[in-house]
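Participant: Mind having a look at this structure? Questions to follow.
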C-alpha cells in the first residue's frame, strides 16, 4: 500500500487493501475527502493481468457506468452559462432530434430518462463505435411506448447527451469532458476513451474477478451478452 492516510481512516485503508490479496487480483486507488480536505490518498496492487506491473499514482482504470454522470455534468455546465434551457425542447438546439414525434421532448425529460429512447434496434458493432452514427440514429428514432415514463437509458444516455452538446458547442463529448471537467479540476486522469498518446495517465488492464474466471456459466453468459450488444439493442 502506498500513499497517505489520516490515522482516523486507517480502517478504510485496511478494507480497501483486502480487495487485492494477490498479484492476479488487480489493483486500484482510493481517495477520500472530508470537508474539502484529503484524508485518504492510497493505491495498491497490480495494473496488469499477469501481476507484473505495480499500480502507481498515475495509473487509471476503466470505470464502468460513470459516463452518464460526467456527460450530465457537461450539460449542467452549459446550462450554467445560459447556453441551454432545461425546459426547452431538445430539437430547439439539435434540429434533427425533432424527427418522428420528438419535437416537443424537453432536455429535462431526456435527462430524467423519460425520452422513450432506452432501446435502439439494429445497431451493428461498427455503429456502436461511431459516436456520430449513433447520435444520428437516435435523432431519427421514434420514441417507444415508455415515452414520458421513467425508463433507465443505460445504453443510450451518453449518445443523447453527446448529440445535444455537439449541437450546442460543435464539439464531441470526449473533448468536452476534458475542457469542462478535467481541465478545470486540474487533473489528467479523466478521459472518455483511452488517453491520447503522450498523456501522463497510464491505463490499467481490465481484469475479471478471479472467482468467476474459468466458470463455464459465466463464460456462456458473457458470450450471450456480447452477442446481444453487438447485434443491436433491445428495449429495456
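Residue numbers (full-length UniProt numbering): 1 to 236.
C-beta atoms are modelled at their ideal positions from N, C-alpha and C, and glycine is treated no differently.
The structure presented is a predicted model; accordingly, all values stated were derived computationally and were not measured.
#1: According to DSSP, which residues form a beta bridge with residue 2?
#2: Beta-carbon separation of residue 75 and residue 161 under 8 angstroms?
#3: Quick check on the burial criterion: 16 or more other C-beta atoms within 10 angstroms. Buried or exposed for residue 47?
#4: DSSP on residue 140, reduced to helix/strand/coil?
#5: How many whole angstroms separate the CB atoms of residue 78 and residue 175, which I take to be in contact at a CB cut-off of 8 angstroms?
#6: Relative to the C-alpha of residue 151, which candidate in 114, 125, 169 and 124 has its C-alpha closest?
#7: Name the one or two DSSP bridge partners that residue 34 has.
#8: According to DSSP, simplified to helix, strand and coil, what is residue 59?
#9: Classify residue 156 as buried or exposed, calling it buried when 16 or more other Cβ atoms lie within 10 Å of its own Cβ.
#10: What distance in whole Å lies between the Cβ atoms of residue 15 and residue 43, which are believed to be in contact at a cut-off of 8 angstroms?
#11: Can you give me the Cβ contacts of residue 258 inside the same chain, cut-off strictly under 6 angstroms, excluding the 5 residues immediately before and after it?
#12: Confirm, please, whether the CB-CB distance from residue 103 to residue 91 is below 8 angstroms.
#13: I think residue 86 touches residue 108, with their Cβ atoms under 8 angstroms apart; what is that distance to the nearest whole Å?
#14: Excluding five sequence neighbours on each side, which residues of the same chain lie with their C-beta closer than 7 angstroms to the C-beta of residue 120?
#15: So, at 6 angstroms on beta carbons, what are the nonlocal neighbours of residue 202 in its own chain, with the 5 sequence-adjacent residues on each side left out?
#16: For residue 156, which of helix, strand or coil comes out of DSSP?
#17: Which first and last residues belong to the alpha helix (DSSP H) in which residue 175 is found?
#18: Would you mind working out which of 117, 38, 171 and 169 sits nearest residue 145, comparing C-alpha positions?
#19: I'd like the list of long-range same chain contacts for residue 213, defined as Cβ closer than 8 angstroms, with 5 residues on each side in sequence excluded.
#20: Can you tell me whether residue 13 is buried or exposed? The criterion is at least 16 other CB atoms within 10 Å of its CB, across all chains shown.
#21: What would DSSP say about residue 89, mapped onto helix, strand or coil?
#22: Can you look up residue 123 in the DSSP assignment and give me helix, strand or coil?
Facilitator: With the given structure in hand:
#1: Along the chain shown, read from residue 1 onward, the residue named residue 2 stands at position 2. In DSSP, residue 2 forms a bridge with 43.
#2: Reading the chain shown from its first residue, position 75 is the one you call residue 75. Reading the chain shown from its first residue, position 161 is the one you call residue 161. Yes. Within cutoff.
#3: Counted from its first residue, the chain shown places residue 47 at position 47. Burial call: buried.
#4: Here residue 140 refers to the residue found at position 140 when the chain shown is read from its first residue. Helix, per DSSP.
#5: Here residue 78 refers to the residue found at position 78 of the chain shown. Here residue 175 refers to the residue found at position 175 of the chain shown. With 8 angstroms as the limit, residue 78 and residue 175 do not qualify as a contact, their Cβ atoms being about 13 angstroms apart.
#6: Against the chain shown, residue 151 aligns to sequence position 151. Cα-wise, what sits closest to residue 151 is 114.
#7: Residue 34 sits at position 34 when you count from the first residue of the chain shown. In DSSP, residue 34 forms a bridge with 37.
#8: Along the chain shown, one-based indexing puts residue 59 at 59. Reduced to three states, the DSSP call for residue 59 is strand.
#9: Locating residue 156 in the chain shown gives position 156, where the first residue counts as 1. Flag for residue 156 reads buried.
#10: Locating residue 43 in the chain shown gives position 43, where the first residue counts as 1. Locating residue 15 in the chain shown gives position 15, where the first residue counts as 1. Not confirmed; about 15 angstroms, so no contact.
#11: Nothing in the structure corresponds to residue 258, since the chain is present only between 1 and 236.
#12: Along the chain shown, read from residue 1 onward, the residue named residue 91 stands at position 91. Along the chain shown, read from residue 1 onward, the residue named residue 103 stands at position 103. In contact: residue 91 and residue 103 (Cβ atoms closer than 8 angstroms).
#13: Translated into the one-based positions of the chain shown, residue 86 becomes position 86. Translated into the one-based positions of the chain shown, residue 108 becomes position 108. About 4 angstroms; that satisfies the 8 angstroms criterion.
#14: Looking up residue 120 in the chain shown gives position 120. Correct list, in chain order: 137, 138, 141, 156 and 233.
#15: By 1-based counting over the chain shown, the position of residue 202 is 202. These residues qualify, in order along the chain: 58 and 59.
#16: In the chain shown, the residue the question calls residue 156 occupies position 156. Reduced to three states, the DSSP call for residue 156 is coil.
#17: Numbered from its first residue, the chain shown carries residue 175 at position 175. Residue 175 -> alpha helix (DSSP H) spans 173–176.
#18: For the purposes of this step, residue 145 is taken as residue 145 along the chain shown, with counting starting at 1. It is 117 whose Cα lies nearest to the Cα of residue 145.
#19: Within the chain shown, numbered from 1, the residue matching residue 213 stands at position 213. Note that residue 213 scores 49 on pLDDT, short of 50, meaning its location in the model is unreliable; the coordinates nonetheless yield the value given after this. Closer than 8 angstroms at the Cβ level, and outside the excluded window around residue 213, lies no residue.
#20: Working through the chain shown from its first residue, we reach residue 13 at position 13. With 16 or more Cβ atoms within 10 Å of its Cβ, residue 13 is classed as buried.
#21: Stepping through the chain shown from its first residue, residue 89 is reached at position 89. In this structure, residue 89 counts as strand in the three-state DSSP scheme.
#22: Position 123 of the chain shown, counted from the start, is the residue given in the question as residue 123. Residue state, collapsed to three classes: coil.
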